[in-house]
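The structure appears below as structure tokens.
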Amino acid sequence: MTRSTCQRCTNESIITLPYGPHAFCQEHFEQFFEKRVRDVTRTHTFFEEGEKIAVAVSGGKDSVVALNLVRKIMPRHEIVGISIDEGIDGYRNKAIDEAVKNYQQLDIEYQIVNLKKEIGNSMQEIVQKTHENKWNENSCTFCGVFRRKYINRVAREMGADKLVTGHNLDDEVQSIAMNLFTSQVERLSRMGPKIQFTKVKGWIPRVKPLYTSPEEEVELFAQLKQYPHYNEVCCPFSHGADRNIYRVMTDQLEARKPGSKFAMIQSFLKMKPILEKNDSTAKLQTCTRCGDLSSKKICQACTYEERIRGTNESQTKLTPGQINALRGKKNSKGLPVLEM
Numbered sequence: 001m002t003r004s005t006c007q008r009c010t011n012e013s014i015i016t017l018p019y020g021p022h023a024f025c026q027e028h029f030e031q032f033f034e035k036r037v038r039d040v041t042r043t044h045t046f047f048e049e050g051e052k053i054a055v056a057v058s059g060g061k062d063s064v065v066a067l068n069l070v071r072k073i074m075p076r077h078e079i080v081g082i083s084i085d086e087g088i089d090g091y092r093n094k095a096i097d098e099a100v101k102n103y104q105q106l107d108i109e110y111q112i113v114n115l116k117k118e119i120g121n122s123m124q125e126i127v128q129k130t131h132e133n134k135w136n137e138n139s140c141t142f143c144g145v146f147r148r149k150y151i152n153r154v155a156r157e158m159g160a161d162k163l164v165t166g167h168n169l170d171d172e173v174q175s176i177a178m179n180l181f182t183s184q185v186e187r188l189s190r191m192g193p194k195i196q197f198t199k200v201k202g203w204i205p206r207v208k209p210l211y212t213s214p215e216e217e218v219e220l221f222a223q224l225k226q227y228p229h230y231n232e233v234c235c236p237f238s239h240g241a242d243r244n245i246y247r248v249m250t251d252q253l254e255a256r257k258p259g260s261k262f263a264m265i266q267s268f269l270k271m272k273p274i275l276e277k278n279d280s281t282a283k284l285q286t287c288t289r290c291g292d293l294s295s296k297k298i299c300q301a302c303t304y305e306e307r308i309r310g311t312n313e314s315q316t317k318l319t320p321g322q323i324n325a326l327r328g329k330k331n332s333k334g335l336p337v338l339e340m
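Here UniProt numbering is used: the first residue of the sequence shown is 1, the next is one more, and so on.
See the structure below:
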């Protein structure tokens, strides 16, 4: 069903949402989008009075929209920003520039964490080490682990009570599918719009204002509001990520049956209480080295750091041409292949 006019007024629509179907002009789409974010925030009780809120901002559309809307929705709360510089030339530096523009426009205190200063290697160097040492993990595995660790650490150091991330509806649906199809059901209980382990010290509860917001709508909202954000090519090392498989799968399902992604989230939320009762969350502890949340004595981030530090420093730095060569080139295990 296609509408030529907005369903709430006589103005021409700028977007049609098949799952409604809905059709909105710019004004009413923005109202529709913001209301959904407010509803998620209120329904799941994201914030309590007087809490300090940290927002993880990569500079992309999702985190930038989350930052701006949290500032608008929670004007009386102190808000700070956290960005991670993984050290990917031509990509992360550009994205962080956009993040800083938002921080400055909103007059928000922020910190930028340089991964190389923290662990001695940038992601470009880690990708090269992965290739040279034939490690099984891909770049996204290392990157995700380190980003989570240092975002949580800085949020804790800044005195934050809650940590906002920009995960959207598509991200969550893909994660649900990934965990189901890789037989990691126990991880599902630790997912959702609000992640809080009350028994673990040092863990900053995470909340996701865009939990029910489709990715395409987030992008449109960012454009309409003219928020500075990075919208060029995605990370050059993400081509071989398993998540891409589930992105295609869930997108195809949504195209054939509009509303499928919302249905998946609704079904998951109904099952979550059952999953939590049977989960091993009680076994989670703090890492003996860094104090972060872990299912083992030494967390995955510290394990990876030890392995990376144990390898010899590479004398060769990836050039832009070599970065581009990684796109679309994988070995039999689906890992990036670097041509030297």
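Glycine included, C-beta positions come from ideal geometry on N, C-alpha and C.
Whole-Å CB distance - residue i paired with residue j, under 8 angstroms assumed
i	j	result
ILE126	ILE298	So it is not a contact: roughly 19 angstroms between Cβ atoms.
ASN102	VAL57	7 angstroms
ILE96	ALA54	Wrong, their Cβ atoms sit about 16 angstroms apart, outside the cutoff.
TYR19	GLY259	4 angstroms
LEU269	GLY192	7 angstroms
VAL37	LEU69	5 angstroms
ILE119	VAL80	ILE119 to VAL80, Cβ: 23 angstroms. No contact.
SER139	THR130	7 angstroms
PRO209	THR41	6 angstroms
LYS194	PHE46	6 angstroms
ALA160	LYS72	Contact flag wrong, Cβ pair sits at about 19 angstroms.
ILE88	CYS287	ILE88 to CYS287, Cβ: 26 angstroms. No contact.
GLY59	GLU34	Their Cβ separation, rounded to whole angstroms, is 21 angstroms, which puts GLY59 and GLU34 out of contact at 8 angstroms.
Residue range of the unbroken alpha helix (DSSP H) whose run includes residue i
i	result
ALA54	Counting along the chain, ALA54 falls outside any alpha helix (DSSP H), though it belongs to the beta strand (DSSP E) covering 53-56.
VAL233	Per DSSP, VAL233 belongs to no alpha helix (DSSP H) and is neither H nor E.
TYR103	92-106
GLN266	260-277
GLU157	139-157
GLN223	215-225
ASP62	61-73
ALA255	243-256
Backbone secondary structure at residue i - three-state DSSP
i	result
GLU339	Model confidence at GLU339 stands at a pLDDT of 38, short of 50, so the residue's coordinates are unreliable; what they give is reported in the following sentence. Here GLU339 sits in coil by DSSP.
LYS162	strand
HIS22	strand
LYS194	strand
ASP85	strand
ILE298	coil
TYR110	strand
residue 353	The shown model of the chain, from 1 to 340, leaves out residue 353, and the question about it has no answer.
GLN7	coil
THR286	strand
LEU115	helix
ILE204	coil
LEU293	strand
LEU17	strand
The beta strand (DSSP E) enclosing residue i, as first and last residue numbers
i	result
GLN124	No beta strand (DSSP E) contains GLN124, which is instead part of the alpha helix (DSSP H) from 123-133.
Chain-order list of residues whose beta-carbon lies under 7 angstroms from that of residue i (same chain, five-residue window excluded)
i	result
CYS25	CYS6, CYS9, ASN11, GLU12, SER13 and ILE14
ALA222	LYS61, VAL64, VAL65 and HIS229
ASP242	MET178
LYS272	SER189 and GLY192
LEU224	GLN26 and GLU30
CYS143	GLU86 and MET123
GLU137	THR130
VAL218	LYS61, ASP62, VAL65, ASN168 and LEU210
GLN104	none
Cut-off 8 angstroms between Cβ atoms - residues of its own chain near residue i, not counting five sequence neighbours on either side
i	result
PHE181	TYR246
VAL154	ALA54, ILE82, GLN111 and VAL113
ARG289	ILE298, CYS299 and CYS302
Chain-order list of residues whose beta-carbon lies under 6 angstroms from that of residue i (same chain, five-residue window excluded)
i	result
LYS261	LEU169, VAL173 and GLU254
HIS28	CYS6 and ARG8
PRO205	LYS162 and GLN196
ARG76	none
Residue i: CB within 6 angstroms of a non-hydrogen atom of the ligand NAD
i	result
GLY120	Among the ligands in the structure shown, none appear at all, so the ligand NAD cannot be discussed.
- Item | Within the segment 166-191, ranges of the alpha helix (DSSP H) (whole runs, at least 4 residues) | 169-181
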